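Report on the following structure.
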Amino acid sequence: MKHTFNILRIFAHTHDDLPAFHAGYLVLTFLVAAMFNMGTFALLVIAHMSLDIVKYREVHGYSWKRVIEGTVRESIVEVALLFTGLVFAVYFHHSVAGVAAVSGLMRAEFTVIRALGTIIPKVYILQDVLKIVAHIHHYLDSIHPCMHKEWTRLEKICLASFAASVLLLVIAPSILGLDAVIIEQIIREEIIPSLT
Numbered sequence: 140m141k142h143t144f145n146i147l148r149i150f151a152h153t154h155d156d157l158p159a160f161h162a163g164y165l166v167l168t169f170l171v172a173a174m175f176n177m178g179t180f181a182l183l184v185i186a187h188m189s190l191d192i193v194k195y196r197e198v199h200g201y202s203w204k205r206v207i208e209g210t211v212r213e214s215i216v217e218v219a220l221l222f223t224g225l226v227f228a229v230y231f232h233h234s235v236a237g238v239a240a241v242s243g244l245m246r247a248e249f250t251v252i253r254a255l256g257t258i259i260p261k262v263y264i265l266q267d268v269l270k271i272v273a274h275i276h277h278y279l280d281s282i283h284p285c286m287h288k289e290w291t292r293l294e295k296i297c298l299a300s301f302a303a304s305v306l307l308l309v310i311a312p313s314i315l316g317l318d319a320v321i322i323e324q325i326i327r328e329e330i331i332p333s334l335t
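For the sequence shown, our numbering gives the first residue as 140, with consecutive numbering after it.
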């Protein structure tokens, strides 16, 4: 038993130096991102935002205005990626008429584009949440470096991306030539947390 404990202790101290550990971690992250739909990752974003509310209100004692600012700054990249992934999930869904009418090779390309457009945001969100959980005390003690400052270029790009994604989702029935009920069904399929 002591031998096993020593092996685990050594691994805990040296795992950051092992390329196999990083490769395995990356593969597991990718598999988890591929297994779950966007709704599961929306729950992770909501959990992150809830933690930010506690962080800025309870730990740092900020006013509600500053709590909202801190929460938006901490989560804007994740929210923008989540909605971008949702746009890819809707526009490249297998039941969309344009995708269904094309040849098998084109359908395969659409599937790859859809996979990349949804998995990349999910991997980023999962990585970010895992990093927060791994360093929870440091995360709660530190405030966002841009608090009380002008919005950064990245934050402006994320806000624009979020707005464009919402607009694309709203006008999807017109662009795709489908009934709004079908688009709503696709969005519901993606947003209700489940295995894909």
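Note that CB positions come from ideal geometry on N, CA and C, so glycine has one too. Note that the coordinates shown come from a computational prediction; the quantities given were computed from them, not determined experimentally.
Residue nearest to A228 within the set I252, E208, E248 is I252 (criterion: CA-CA distance). The region 268–280 and the region 294–311 do not touch, with fewer than 3 CB-CB distances between them shorter than 8 Å. For I215, the closest of G316, L167, C285, F249 by C-alpha to C-alpha distance is C285. C-alpha of V193 to C-alpha of G316: approximately 44 Å in a straight line. For D191, the enclosing alpha helix (DSSP H) has its first and last residue at 177–193. According to the DSSP assignment, Y230 belongs to the alpha helix (DSSP H) that extends over 203–230.
Secondary structure at L298: helix, using DSSP grouped into helix, strand and coil. Here L298 is not near V226, since their CB atoms are 8 Å or more apart. Listed in chain order, the non-local C-beta contacts of Y263 below 8 Å within the same chain comprise V216, E217, L220, local neighbours out to five positions each way being set aside. Rounded to the nearest angstrom, the gap between the Cα atoms of I325 and K204 is 35 Å. The DSSP-derived three-state label of L317 is coil. The alpha-carbon of V211 is positioned some 10 Å away from that of H283.
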